[in-house]
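Protein chains in written order, with the numbering used here: chain A, 111 to 221; chain B, 431 to 540. Idealized CB from N, CA, C, for every residue including glycine. Below you'll find the structure, written out as structure tokens, and then a few comments.
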Amino acid sequence: KQEVTQIPAALSVPEGENLVLNCSFTDSAIYNLQWFRQDPGKGLTSLLLIQSSQREQTSGRLNASLDKSSGRSTLYIAASQPGDSATYLCAVGGRDYKLSFGAGTTVTVRA
Amino acid sequence: EADIYQTPRYLVIGTGKKITLECSQTMGHDKMYWYQQDPGMELHLIHYSYGVNSTEKGDLSSESTVSRIRTEHFPLTLESARPSHTSQYLCASSPGYGYTFGSGTRLTVV
């Protein structure tokens, strides 16, 4: 069974600092990895989807890398803003299209 | 501009009542999912469907049931709600990989 771990569980940074969020997974036979953002009490917003053949994916201030062989992904958020405060979830997809989720990293960006 | 809709957004209901949580998507995705999430905890898959008249139970055992009579509609039903069913229920759809989530239904059973 795929196990997904996100470290740290919580992170507080001053505005302007770069954020580094880590995700690890136990089974490297993944088809893709997806990063989501979740605001309190809300649903999930997709940020980036990385196919297993890709090494990284970028969107604006966000960059996600994938090292399938070592079972790791990292989400970088450049020049953080208070609006970036949220919980960030990592999810890995297998051949059956189902996603396995980590517990998330809760980020607070202080103004 | 969500293309997947969940209703109601919040629901407080008494023990023993039957409830149906609605989920509809307008993207024509053949795959749909229900996840359960307790506060501060990870999401757990409770039901999924890969097409009309196809439903399967997920990794987390649930007393709820689902149906998929139309591609765009994937309702979840609890025949007799209990306090242990209090949680957030999230619906998602995908064309294959790449999920889109609804805003969720926060259910409280008193």
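In this model, glycine 153(A) and serine 179(A) are separated by some 31 Å (Cα to Cα). Annotation: serine 517(B) has no Cβ neighbours in chain A at a cutoff of 8 Å; minimum Cβ distance is about 12 Å. Following the DSSP letters along the chain, one finds asparagine 173(A) inside the beta strand (DSSP E) bounded by residues 172-177.
With the criterion set as a beta carbon lying under 8 Å from some beta carbon of chain B, the members of the segment 134-158 of chain A are Tyr141, Asn142, Gln144, Phe146, Gly151, Lys152, Gly153, Leu154, Thr155 and Ser156, in sequence order. Cβ-Cβ distances below 6 Å link leucine 185(A) to Leu131, Trp145 and Ala174 in the same chain, with the five nearest sequence neighbours on each side left out; the list follows chain order. A distance below 8 Å separates the beta carbons of glutamine 455(B) and isoleucine 434(B). The beta-carbon of arginine 536(B) is placed less than 8 Å from the nearest beta-carbon of chain A. Exposure of valine 442(B) is indicated by the presence of fewer than 16 other C-beta atoms within 10 angstroms of its C-beta. Under DSSP, the beta-bridge partners assigned to serine 183(A) are Cys133(A) and Leu176(A).
Under a 10 Å Cβ-count criterion, asparagine 142(A) is classified as buried, with 16 or more other Cβ atoms of the shown protein chains found around its own Cβ. Secondary structure in the segment 503-532 of chain B: the beta strand (DSSP E) runs of 3 residues or longer, each lying completely within the stretch, are 506-508 and 517-524 in chain order. For glutamate 113(A), the closest alpha carbon among the candidates Ala201(A), Arg205(A) and Val123(A) is that of Ala201(A). Exposure of threonine 168(A) is indicated by the presence of fewer than 16 other C-beta atoms within 10 angstroms of its C-beta. The three-state secondary structure of glycine 488(B), taken from DSSP, is coil. Under the Cβ distance rule, leucine 441(B) does not count among the residues neighbouring chain A, no pair being separated by less than 8 Å. The Cβ-Cβ distance between tyrosine 519(B) and tryptophan 464(B) falls below 8 Å.
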